[in-house]
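Okay, so here's the structure we're looking at.
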Amino acid sequence: MAMTITEKILARAAGRKAVRPGDLVDAAIDVVMCHDVTTPPAISMLMEKGIDRVFDPEKIVVTPDHFQPAKDVKSAELHKRLDDWARRHRIRHYYKLGRAGVCHALLPEQGHIRPGEVIVGGDSHTCTYGALAAFSTGIGSTDLAAAIATGKLWFKVPASMKFVLNGSLGPGVYSKDVILAVIARIGTDGALYQAMEFTGPALGEMSAEARMTITNMAIEAGGKNGIIAFDEVTRQYLDEHLPMSLRGSKATEAISTPGSSEIAAPAGGGRAMTGQYTVFESDGDAEYTAVEQFDCSKLEPMVALPHLPSGGVPIGQCAGGKMDQAYIGSCTNGRIEDLRIAAKILKGKEVAIRTLIVPATPVIWKQAQEEGLFDIFYDAGCVISAPTCGACLGGFMGVLAEGEKCISTTNRNFVGRMGHPKSEVYLASPATAAASAVEGKLTDPRKSL
Amino acid sequence: MAKAHVYNRDHINTDEIIPARYLNTDDEQELAGHCLEDLDKDFVKKVADGDIIVAGEDFGCGSSREHAVWAIRGAKVQTVIAKTFARIFYRNAINCGFYLIESPEATEHINDGDEIEINYETGVVENKTAGARIEFKPLPDFAIEIIKDGGLLEHIKKAM
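Chains as they are written, first to last, in this note's numbering: chain W, 9 to 457; chain A, 2 to 161.
This is the structure we're talking about:
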């Protein structure tokens, strides 16, 4: 029976030969991602129900990111609950402040994502990991609790939609523009309950990181997961990054400090100590509910106008709109190549509005610093933040006042998303955000190339 | 009698249901105090025990925060009737043992303030004020089982 890559991965995880869209399956989970907002309530539920256990301390990856460093007393309490639990259960891959980063940038970077696996996380943008040919989806706290305790979850096998990305992206146009164009076409519920499978020659020209920007926003079209098949680009990324998790993270060393020797990392063995993974691909005659073609060579830089991610229009239709702030970061566009793109435009210029640069992980932060990007950002008048989700969700570090407008490389522009309910968020690529920061208004980045 | 609070709009998202600035707590009563704050800041003053929220398509889109379900449940809302629900919100509600009603007619036959009676077994929403009747397809059996057990964790505990 012909199956899509999503169906094959779920069949494997459910121990079945085949599954069809609509089937209910119990899938074994390979990795559970935990952060500081949705995990503490999951921990409380498990304790309350008397099932305070973890199915496998090697397969749970923990990083505080939304409100870290703690923004106030209440979020510090969330971090404390997370910390107590991670130590108590000897979670091996626990990234504490100093090694913690925005989860969806951190997990692939640290080698926790492998093709063919089922990954769940207590965060809607967990769909990001599908860029590495894995099935990956966001869940709430109760599901998270169940996954932590049992290593299993029920899933309804999603039908798949195929998005064929043809042609080559022109200068100044990036993967963010592609996904904004996709969502503008199909709407915020255009892929509701479905898998979004991306394919086509334009993907072949994108790095694994650029692809993550695309799968990251699958949820903004209502998708259950976004997925991209394995290729040479994936292989190279994995060759570079899988060894990070095999070594054991520095964070593990940090929690084994004197006085807490009882929480030393468990001895190796099992999945975490091997670099193996399984590659699945869609059959040629697999079924799709729809096939959408995109000509990437005709694509222009896109801006999603408030208040929905589907509000994307070509920059030509909105250029000149005045902004108050630019935000370059997040799980969508806070990776090193995003910072390089922004730096290229900001070099030798000065920003006209408040501009925040938020490297998504400590590794990215260090890399940007070593490459001299921080000098460029400083000289341009930007502020550089610690890795955090921060203002992307209106948490802290750059929230907006009433009536303010922000050009942002993030993924959501809902009402009140980055601050006051009467503030506005405009979603765009790092290039468009940087060019707009310089001009103080929505600006076509192709002018600055 | 349950009163309907109608928001005749699509894509009411999790940031409107419970803004992220309140996610530094998971206390249900505290969250309930901010329920729908960025959509209708008077909602919490108007809502009474057992009332119903009525909305258009894609209700609950956005974040995976179960805090959105907790805020609504904490505000003592009985159920949400919407044309469609976003996936994670829908799943979270089932996992919490909170019944949702999906009906394409949701906003057609219910006006703000109408008095509503729901029969969950037969799948009928009766609008006492307008004299209208909406039939809905009850949740699938596996979801009802989870809800009857009092949520996913109680459900899986049974199998442990």
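Backbone N, C-alpha and C define an ideal beta-carbon position, used for all residues, glycine too. None of the values given here were measured: they were computed from a predicted structure.
The region 10-51 of chain W is shown to contain whole beta strand (DSSP E) runs of 3 or more residues at 32-36, 39-42, in chain order. The C-beta of residue 143/A comes closer than 8 Å to at least one C-beta of chain W. Secondary structure of residue 375/W (DSSP, three-state): helix. Contact between the region 123-140 of chain W and the region 39-57 of chain W is present, with at least three C-beta pairs closer than 8 Å. Here residue 53/A really is in contact with residue 6/A; their C-beta atoms are around 7 Å apart, less than 8 Å. Its Cα nearest to that of residue 188/W, the residue 440/W stands out among 440/W, 250/W, 448/W, 445/W. Against chain W, the beta carbon of residue 152/A has neighbours under 7 Å at 150, listed in chain order. By the Cβ criterion, the region 417-427 of chain W is in contact with the region 308-322 of chain W, since at least three pairs of Cβ atoms, one from each stretch, lie closer than 8 Å. Between residue 213/W and the set 176/W, 195/W, 198/W, the nearest pair of CA atoms involves 176/W.
At a cut-off of 8 Å between beta carbons, residue 39/A contacts chain W.
Contacts with chain A at 8 Å (Cβ-Cβ) include residue 131/W.
The contact set of residue 153/W on chain A, defined by CB atoms closer than 7 Å, consists of 154 in chain order. Contact check for residue 304/W against residue 419/W fails: the beta carbons are separated by 8 Å or more.
Within the model, the alpha-carbon separation for residue 350/W versus residue 333/W is close to 15 Å.
Listed in chain order, the positions of the region 184-205 of chain W with a beta carbon within less than 7 Å of a beta carbon of chain A are 196, 197, 200, 201. Assigned with DSSP and collapsed to three states, residue 224/W falls in helix.
Listed in chain order, the non-local C-beta contacts of residue 87/W below 6 Å within the same chain comprise 44, 72, 78, local neighbours out to five positions each way being set aside. In the structure shown, residue 99/W falls within a coil segment according to DSSP collapsed to helix, strand and coil. Per DSSP, the unbroken alpha helix (DSSP H) holding residue 30/A starts and ends at 29-33. Between residue 113/W and residue 236/W the beta-carbon gap is near 17 Å, outside 8 Å, which marks them as no contact. Our two residues, residue 396/W and residue 382/W, have alpha carbons roughly 17 Å apart in a direct line. Chain-ordered, the chain A residues with CB closer than 8 Å to the CB of residue 57/W read 154, 155, 158. Within chain A, the residues 25 have their CB atoms less than 7 Å from the CB of residue 86/W, given in chain order. Distances from the alpha-carbon of residue 208/W to those of 107/W, 238/W, 195/W, 230/W put 238/W closest.
With respect to the C-alpha of residue 103/A, the residue from 61/A, 154/A, 146/A, 3/A having the closest C-alpha is 61/A.
A direct Cα-Cα distance of roughly 10 Å separates residue 375/W from residue 343/W. For the C-beta of residue 64/A, the chain W residues within less than 7 Å are, from N- to C-terminus, 132. The Cβ of residue 16/W sits no closer than 8 Å to any Cβ of chain A. Counting every other CB atom within 10 Å of its CB across the protein chains shown gives residue 81/W a total below 16, marking it as exposed.
The Cβ atoms of residue 411/W and residue 431/W sit closer than 8 Å to each other. Look at the beta carbons and you see the region 354-362 of chain W not touching the region 19-34 of chain A: under three pairs across the two are nearer than 8 Å. With respect to residue 13/W, residue 290/W sits close: the two C-beta atoms are nearer than 8 Å. Residue-level contact by beta carbon holds for residue 22/A and chain W, with a gap shorter than 8 Å. Sequence-ordered contacts of the region 92-124 of chain A with chain W read 92, 93, 96, 97 [C-beta pairs closer than 8 Å].
By the C-beta density criterion, residue 55/W is exposed, having fewer than 16 other C-beta atoms within 10 angstroms.
In the three-state reduction of the DSSP assignment, residue 94/A falls in the helix class, which pools H, G and I.
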